[in-house]
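S.K.:
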Amino acid sequence: MKTFSDEELEALLDDVESDLAERKRSFRGDTPKKARQAVCAFANDLPDRQQPGVLFIGAKDDGTPSNEPVTDELLRSLADMKTDGNILPLPALVVEKRILKGAAMAVIIVLPSDMPPVKYEGRIWIRTGPRRAIANEQEERILVEKRRFKNIPFDIYPVPTANISDLSRLVFENEYLPTAFASDVLDANNRTYEERLASCKMIVSPENVTPTVLGLLAIGKSPQDFLPGAYIQFLAIDGTELSDPVVDEERMGGAIVDILRRAEEKLAAHNRSGVDIVAKATHSINFTYPPAALQQILYNAVLHRTYENTNAPIRIFWFNDRIEISSPGGPYGNVTIENFGRPGITDYRNPNIGDVLKTFGYIQAFGRGIATARKALEAAGNPELEFEVNQSTVLCVLRKRP
1 MKTFSDEELE ALLDDVESDL AERKRSFRGD TPKKARQAVC AFANDLPDRQ
51 QPGVLFIGAK DDGTPSNEPV TDELLRSLAD MKTDGNILPL PALVVEKRIL
101 KGAAMAVIIV LPSDMPPVKY EGRIWIRTGP RRAIANEQEE RILVEKRRFK
151 NIPFDIYPVP TANISDLSRL VFENEYLPTA FASDVLDANN RTYEERLASC
201 KMIVSPENVT PTVLGLLAIG KSPQDFLPGA YIQFLAIDGT ELSDPVVDEE
251 RMGGAIVDIL RRAEEKLAAH NRSGVDIVAK ATHSINFTYP PAALQQILYN
301 AVLHRTYENT NAPIRIFWFN DRIEISSPGG PYGNVTIENF GRPGITDYRN
351 PNIGDVLKTF GYIQAFGRGI ATARKALEAA GNPELEFEVN QSTVLCVLRK
401 RP
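Quick note, in my numbering, the sequence shown goes up one by one and the last residue is 402.
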């Protein structure tokens, strides 16, 4: 990511007509919302500057300092804009404290996205000159066109053997769109079915209606016809070894939401609970494994697995003393075998699948799944979460509470 000198930042502060800079006096009131709109607009890079946009916190409209205190809490709040799930796909940004014009300012540097259009709360924000606004139909088409020439991740690769008829229009229009876009945007939407699919990265473009990997996984009628490994294999074993008798088995296929729903139902059915009517005045239900931990590890497996060049499914083995969940694909990007699972170390092999899971309500924020699972296991009295990681597989082990 480009590093700006103090002189370059001060020049941006002074250029009030630039489409690469925005200034905010503080991060209070409605500024957190407007700041996210600005991040979204910079990520979309409608003018195609192919340069980072900069948001200044602690600057007046004319670029002079407002002398807003730049605390660690403020910097954390600004960094949360990247992973709180309100801007999708996740933006690439860095947050810095800089001394500019003799005063401290918080500086947010936002890279143009490889996967436009980027949305904030279901709206596509763009910036041209000093104007920040919601993209109209033509501007949205330009953003879709830009995506074709980027180095895109595998989850929005086209699948040449698939046709637009392999996507469920019913699911897309009745389930996905109402949750992906704000109601006022949909009410004013004159886009064609193909334009809406392209905007959501379900097909390549309105002219090239070839479904993407994302389209098949999100709203495909039979995704496994094209992505054979995109399913979950469940085995319940009466014992502690794979050679022990199998008491339940299921192959869970379909679109990603169907897979997760069926997997959650299966896990809940095997997660036997007891009712404690002694320890407290009101009865409490005790699960063998905390449901929140099971959910987070399941969602992580679906989000972070590789779907490229593999026919291997996610495998869930339910033993008498533990659960093993393995997913194909080792660590990715900033995550390595050595730092896997450490707080704050995250990267996304499938950022657009993350967008779909957020849209459908399966994840609320990013990068917190393992931490949430660990906290739930500790609170329930289960042993600590275990990982076995290599370059081709991630295995997570949840052990039964003593």
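Quick reminder that beta carbons are idealized off the backbone N, C-alpha and C, glycines included. Computed from a prediction, not measured in an experiment: that's the story for all the values here.
Which first and last residues belong to the beta strand (DSSP E) in which I232 is found?
M.R.: Walking along the sequence shown from the start, residue 232 turns up at place 232. That run of the beta strand (DSSP E) goes 232-237.
S.K.: Going by other Cβ atoms of all chains shown within 10 Å of its Cβ, with 16 needed for buried, is S243 buried or exposed?
M.R.: The count along the sequence shown starts at 1 and reaches residue 243 at position 243. Classification of S243: exposed, given that the 10 Å Cβ count is below 16.
S.K.: Secondary structure at K119, three-state DSSP: helix, strand or coil?
M.R.: Translated into the one-based positions of the sequence shown, residue 119 becomes position 119. The answer is strand: DSSP assigns K119 an E or B state.
S.K.: Report the option in Y362, S18, D355 whose CA atom is closest to the CA atom of L214.
M.R.: Looking up residue 214 in the sequence shown gives position 214. Checked all of Y362, S18, D355; the closest Cα to L214 is D355.
S.K.: Between which two residues does the alpha helix (DSSP H) carrying A135 extend?
M.R.: As a working note, residue 135 is residue 135 in the sequence shown. It is not in any alpha helix (DSSP H) - A135 carries neither H nor E in the DSSP assignment.
S.K.: With a CB to CB cut of under 7 Å and the five nearest residues on each side skipped, what residues in its chain are close to I126?
M.R.: Indexing the sequence shown from 1 puts residue 126 at position 126. Here the set comprises A41, N44, L46, A133, A135, E139.
S.K.: Does the distance from the CB of N382 to the CB of R368 come in under 8 Å?
M.R.: Position 382 of the sequence shown, counted from the start, is the residue given in the question as residue 382. Position 368 of the sequence shown, counted from the start, is the residue given in the question as residue 368. Against a cut-off of 8 Å, the Cβ pair of R368 and N382 comes out as no contact.
S.K.: How is the beta strand (DSSP E) around F340 delimited, first residue to last?
M.R.: By 1-based counting over the sequence shown, the position of residue 340 is 340. No beta strand (DSSP E) contains F340, which DSSP labels as neither H nor E.
S.K.: How about L260 and V302: are their beta carbons less than 8 Å apart?
M.R.: The residue labelled residue 260 in the question sits at position 260 within the sequence shown. The residue labelled residue 302 in the question sits at position 302 within the sequence shown. It is a contact, given that the beta carbons lie within the stated cut-off.
S.K.: Please report the distance separating the alpha-carbon of F234 from that of W318.
M.R.: As a first step, residue 234 must be located in the sequence shown, where it is residue number 234. As a first step, residue 318 must be located in the sequence shown, where it is residue number 318. Roughly 8 Å separates the two Cα atoms.
S.K.: I'd like to know whether the C-beta atoms of N352 and P89 end up nearer to each other than 8 Å.
M.R.: Here the question's residue 352 lines up with position 352 in the sequence shown. Here the question's residue 89 lines up with position 89 in the sequence shown. Yes, the Cβ-Cβ distance between N352 and P89 is below 8 Å.
S.K.: At the level of alpha carbons, what is the spacing between L20 and S183?
M.R.: Here residue 20 refers to the residue found at position 20 of the sequence shown. Here residue 183 refers to the residue found at position 183 of the sequence shown. Distance between the alpha carbons of L20 and S183: 29 Å.
S.K.: Taking just the CA atoms, how far does F154 sit from V39?
M.R.: Position 39 of the sequence shown holds residue 39. Position 154 of the sequence shown holds residue 154. Cα to Cα, V39 sits roughly 24 Å from F154.
S.K.: If distances are taken between C-alpha atoms only, which option among T336, A376, V397 comes closest to D321?
M.R.: Along the sequence shown, one-based indexing puts residue 321 at 321. Residue V397 is the option with its Cα nearest to D321.
S.K.: Taking Cβ positions, are I325 and I297 nearer each other than 8 Å?
M.R.: Here residue 325 refers to the residue found at position 325 when the sequence shown is read from its first residue. Here residue 297 refers to the residue found at position 297 when the sequence shown is read from its first residue. In contact: I325 and I297 (Cβ atoms closer than 8 Å).
S.K.: Taking the alpha carbon of S77 as the reference point, which residue from V107, A379, I203 has its own alpha carbon closest?
M.R.: Position 77 of the sequence shown, counted from the first residue, corresponds to residue 77. Per the Cα distances, V107.
S.K.: Excluding the 5 residues flanking F4 on each side, which residues of the same chain have their C-beta closer than 6 Å to its C-beta?
M.R.: Here residue 4 refers to the residue found at position 4 of the sequence shown. Nothing meets the Cβ criterion.
S.K.: For V204, count neighbouring Cβ atoms within 10 angstroms of its own Cβ and tell me buried if that reaches 16, exposed if not.
M.R.: The count along the sequence shown starts at 1 and reaches residue 204 at position 204. V204 comes out buried.
S.K.: Specify the secondary structure class of K375 as computed by DSSP and reduced to three states.
M.R.: Along the sequence shown, one-based indexing puts residue 375 at 375. Three-state DSSP puts K375 in a helix.
S.K.: In the DSSP assignment, find the beta strand (DSSP E) that holds A103 and state where it starts and stops.
M.R.: Mapped onto the sequence shown, residue 103 falls at position 103. Element bounds for A103: 103-110.
S.K.: Given this structure, state the Cα-to-Cα distance separating A279 from I370, to the nearest angstrom.
M.R.: Looking up residue 279 in the sequence shown gives position 279. Looking up residue 370 in the sequence shown gives position 370. At A279 the pLDDT is 49, less than 50, meaning the model places this residue with poor confidence; the figure from the coordinates comes in the next sentence. One C-alpha to the other measures close to 30 Å.
S.K.: In this structure, how does DSSP classify P65 when only helix, strand and coil are distinguished?
M.R.: Residue numbering aside, residue 65 sits at position 65 when the sequence shown is read from its first letter. Residue state, collapsed to three classes: strand.
S.K.: Looking at the strands, I want to know which residues DSSP matches up with A21.
M.R.: One-based indexing of the sequence shown puts residue 21 at position 21. Its beta-bridge partners are V54.
S.K.: Between I219 and S168, which are expected to be in contact by the criterion C-beta below 8 Å, what is the C-beta distance as a whole number of angstroms?
M.R.: Here residue 219 corresponds to residue number 219 of the sequence shown, with the count starting at 1. Here residue 168 corresponds to residue number 168 of the sequence shown, with the count starting at 1. Rounded, the Cβ-Cβ distance is 5 Å, consistent with contact.
S.K.: Specify the secondary structure class of D248 as computed by DSSP and reduced to three states.
M.R.: Numbered from 1 along the sequence shown, position 248 holds the residue referred to as residue 248. Assigned with DSSP and collapsed to three states, D248 falls in strand.
S.K.: Give the straight-line distance between the Cα atoms of F287 and E264, rounded to the nearest whole angstrom.
M.R.: On the sequence shown, residue 287 is found 287 positions in, with the first residue counted as 1. On the sequence shown, residue 264 is found 264 positions in, with the first residue counted as 1. One C-alpha to the other measures close to 14 Å.
S.K.: Closest to F360 by C-alpha separation, out of G85, L93, T161, would be which residue?
M.R.: Within the sequence shown, residue 360 is the residue found at index 360, counting from 1. Selection G85, L93, T161 evaluated against F360 yields G85 as nearest (Cα-Cα).
S.K.: Quick check: the Cα distance between S18 and E194, rounded to an integer number of angstroms?
M.R.: Along the sequence shown, one-based indexing puts residue 18 at 18. Along the sequence shown, one-based indexing puts residue 194 at 194. Cα-Cα distance, rounded: 34 Å.
S.K.: Please report the straight-line C-alpha distance between A365 and E73, rounded to a whole angstrom.
M.R.: Position 365 of the sequence shown holds residue 365. Position 73 of the sequence shown holds residue 73. Cα to Cα, the separation comes out at about 19 Å.
S.K.: Candidates F387, V144, A79, F226: which alpha carbon is nearest M115's?
M.R.: Translated into the one-based positions of the sequence shown, residue 115 becomes position 115. Taking only the C-alpha atoms, the option nearest M115 is V144.
S.K.: At which residues does the alpha helix (DSSP H) containing S77 begin and terminate?
M.R.: Locating residue 77 in the sequence shown gives position 77, counting from the first residue. Start and end: 72-79.
S.K.: Please look up how many angstroms separate the CB atoms of L75 and D6, rounded, as I've assumed it's under 8 Å.
M.R.: Working through the sequence shown from its first residue, we reach residue 75 at position 75. Working through the sequence shown from its first residue, we reach residue 6 at position 6. Actually they do not touch by this definition, with Cβ atoms about 18 Å apart.
S.K.: Is DSSP giving E207 helix, strand or coil here?
M.R.: Residue mapping note: residue 207 aligns to position 207 of the sequence shown, counting from 1. Reduced to three states, the DSSP call for E207 is coil.
S.K.: Under three-state DSSP, which class holds V213?
M.R.: Looking up residue 213 in the sequence shown gives position 213. Helix.
S.K.: A104 and G58 look like a contact to me (Cβ under 8 Å); what is the Cβ gap, rounded to whole Å?
M.R.: Along the sequence shown, read from residue 1 onward, the residue named residue 104 stands at position 104. Along the sequence shown, read from residue 1 onward, the residue named residue 58 stands at position 58. Correct: roughly 7 Å between the Cβ atoms.
S.K.: Per DSSP, what kind of secondary structure is P290 in: helix, strand or coil?
M.R.: Counted from its first residue, the sequence shown places residue 290 at position 290. Coil at P290, not helix or strand.
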